[in-house]
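What follows is a short report on a single structure.
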Amino acid sequence: MRPPASGAGPDRRPASTPAGGASRGFGAFVRAHGGNGRLVVQPRMGFSDPAAMRAGLAATRAAAARTVGTITLDAHTRVGRLDAAAAALRQATPLNGYPVVTHPPAVTAQVLDGIRSPGFPVQVRHGSARPVGIFRALAALGLDASEGGPVSYCLPYGRTPLAESVTQWATACELFASLRETGREPHLETFGGCMLGQLCPPSLLVAISVLEALFFLRHGVRSLSVSYAQQSCPEQDTEAIAALRRLCAELLPTDDWHVVVYTYMGVFPETERGARRLLASSAELAVRTGAERLVVKTVAESRRIPTVQENVDALELAAATAETAGRTAPVPLPQSADNPTYQEAAALVHAVLDLHPDLSRALLLAFRRGYLDVPYCLHPDNRGLTRSYIDPAGRLCWAATGRLPISHLVRPRSGTRLTSATLLADLTRVRTHFDAPATPAVASRTPGGD
1230 MRPPASGAGP DRRPASTPAG GASRGFGAFV RAHGGNGRLV VQPRMGFSDP
1280 AAMRAGLAAT RAAAARTVGT ITLDAHTRVG RLDAAAAALR QATPLNGYPV
1330 VTHPPAVTAQ VLDGIRSPGF PVQVRHGSAR PVGIFRALAA LGLDASEGGP
1380 VSYCLPYGRT PLAESVTQWA TACELFASLR ETGREPHLET FGGCMLGQLC
1430 PPSLLVAISV LEALFFLRHG VRSLSVSYAQ QSCPEQDTEA IAALRRLCAE
1480 LLPTDDWHVV VYTYMGVFPE TERGARRLLA SSAELAVRTG AERLVVKTVA
1530 ESRRIPTVQE NVDALELAAA TAETAGRTAP VPLPQSADNP TYQEAAALVH
1580 AVLDLHPDLS RALLLAFRRG YLDVPYCLHP DNRGLTRSYI DPAGRLCWAA
1630 TGRLPISHLV RPRSGTRLTS ATLLADLTRV RTHFDAPATP AVASRTPGGD
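Residue 1638 in this note's numbering sits at position 409 of the sequence shown, and the numbers go up by one each step.
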């Protein structure tokens, strides 16, 4: 196998970061360079060819933005089909990501050599409910940033029993935490704030993100980020991120955490103008709410896997939008006691924590009893008694709360009739809004609003 292409692009390390020595870590970098009107931006990017993966990382590093790198793993590696990944490499068949477990460690070391640095940390994204083998490979390579969670990488993505995912993730966290012995500070990001991508009410997103962060902490990982995916209403998203910050401040026994916002993960606009407007609105949301990091999408999302250049364009658009938005003081986050998303999320989190002192057992009990129940999720361990809908103002609301412990807070609207037509309209609402021709009335509204 030929070694990856050389050349890392310009060195973008901040002046205060030493060129050598142990890294301060992914979390420390993001907290140093994001928040307070500043934004670290990140692509989703993964290629099976080492030279292509190195070129993607180099382009990300060289972008006109404050960036961190991404290595996204392939679908075979995510589900443990390492034989299929190996066969694809032998046959030179492209995969939809980088098979980090299958490539020899020396090859991956060449991919990273001269690119990853204290000024350009790299996160590995994978999507696995059984991640022990992946984390073992990361630890051997000294890769110290990843993401996921025992709930968020189990329920939406396959049929792995939740109990098995919880056990695997506990082992993986403890394995990852051992990197601290080598002078690195391992970092994990919750994926709980992105459950389903769309149509999961924000209070449940916030609750699962916080619970996964607590799970990581209890299994030895001390540097965290908590996720939230942009939804259909900017005002509700602002409430949700405020709720996420407040709950983390109340419950996480560490200061080493930050918030990462995801550009809308549902049905994406088909037009380039619509896609750019939606991406810009997510950058504005991140700055407005004080988030430190944004994971972007590109203009190609509705059609195909984006190219490296399309990823770079998205990073630079998000960074430019954030810089403009950051020139004005961020709008104060609503911290009042009547923030409905905070009230619901807090009720969910505390109900789960009260089930059992062992959070692993508490999570399993919560799903068994329906205290956590994801709408439209068909996993066997999800009770499936909850439903959601988007109201005329664009807010994502509960149509049915099942056995969620929030009945004292939520009164689902009587007469809400969910049909295939209304579900399709909800799924395509954001696309329709952003693809619509711009008018003076629309242009004057908050991006993403109605």
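Glycine included, every Cβ here is placed at the ideal spot set by N, Cα and C.
According to DSSP, is residue i part of a helix, a strand, or is it coil?
i	result
A1429	Looking at the sequence shown, residue 1429 is not Ala but Cys. The answer is coil: DSSP assigns C1429 none of H, G, I, E or B.
Q1352	strand
Q1271	strand
L1682	The requested residue 1682 is not part of the displayed model; the chain covers only 1230 to 1679.
A1554	helix
L1544	helix
T1630	strand
V1516	helix
L1584	coil
R1260	helix
V1659	helix
V1639	coil
V1525	coil
L1625	strand
G1250	Annotation note: pLDDT 34 at G1250 (below 50); position unreliable, no value reported.
Please classify residue i: is it buried, with 16 or more other beta-carbons within 10 angstroms of its beta-carbon, or exposed?
i	result
T1411	exposed
R1616	buried
R1640	exposed
S1252	Note on S1252: pLDDT 48, under 50, position unreliable in the model; no value is reported.
P1609	exposed
E1418	buried
S1381	buried
S1375	buried
A1543	buried
L1268	buried
G1677	Residue confidence for G1677 is low, a pLDDT of 42 falling below 50, so the modelled location carries little weight; the figure read from the coordinates is stated next. So G1677 counts as buried.
D1303	buried
L1508	buried
Q1320	exposed
L1476	buried
Q1538	exposed
S1649	exposed
N1611	buried
T1661	exposed
A1203	There is no way to answer for residue 1203, as the model of the chain reaches only from 1230 to 1679.
L1647	exposed
D1466	buried
D1602	buried
E1501	exposed
Nearest-angstrom Cα distance between residue i and residue j?
i	j	result
L1367	A1288	22 Å
P1347	L1370	16 Å
L1638	A1667	38 Å
L1324	S1357	16 Å
P1482	E1393	27 Å
A1595	G1623	29 Å
L1428	Q1460	8 Å
D1484	A1280	38 Å
F1663	R1506	7 Å
L1341	T1299	11 Å
G1377	T1553	31 Å
R1310	E1464	42 Å
P1333	A1401	21 Å
R1598	G1631	10 Å
T1337	R1283	9 Å
M1274	G1326	8 Å
G1422	S1456	5 Å
P1350	G1263	14 Å
F1444	L1480	12 Å
A1257	R1522	12 Å
Taking 6 Å as the limit between beta carbons, can you name the residues of its chain near residue i, skipping five residues before and five after?
i	result
G1250	With a pLDDT of only 34 at G1250, under 50, the local geometry of the prediction cannot be trusted, and the value read off the model is given with reservation. For G1250, where only same-chain residues beyond five positions count, there are no Cβ hits under 6 Å.
S1535	Inspection of the sequence shows that residue 1535 is occupied by Pro rather than by Ser. Cβ neighbours of P1535 beyond the five flanking positions: T1527 and A1529.
T1570	P1431, S1432, E1468, A1469 and A1472
A1591	V1581, L1584 and H1585
S1531	F1497 and E1499
D1240	Any reading at D1240 needs caution, since the residue's pLDDT is 37, under 50, leaving its predicted position unreliable; the model's value is listed next. So no residue of the chain qualifies.
I1635	E1573 and A1576
V1439	L1476 and V1578
H1487	V1259, R1260, S1454 and E1521
With a CB to CB cut of under 7 Å and the five nearest residues on each side skipped, what residues in its chain are close to residue i?
i	result
D1655	L1428, Y1618 and I1619
R1658	S1461 and I1619
A1314	D1303, H1305, T1306, L1324, P1328 and T1331
Once you ignore the five residues that flank residue i on each side, which residues in its own chain have a CB closer than 8 Å to its CB?
i	result
Q1352	F1255, Q1271, V1297, G1298, T1299, I1300, A1374, S1375, E1376, H1416 and E1418
V1450	C1402, F1405, A1406, P1415, H1416 and L1417
C1626	P1430, S1617, Y1618, I1619, D1620, P1641 and R1642
Hey, which unbroken runs of the beta strand (DSSP E) at 3 residues or more fall wholly within the stretch 1263-1315? 1269-1271 and 1298-1301
Where in the stretch 1318-1383 do unbroken runs of the alpha helix (DSSP H), each at least 4 residues long, occur, reported from the N-terminal end onward? 1334-1341 and 1361-1370
Curious, which full-length alpha helix (DSSP H) runs of at least 4 residues does the stretch 1408-1495 contain? 1431-1447 and 1463-1480
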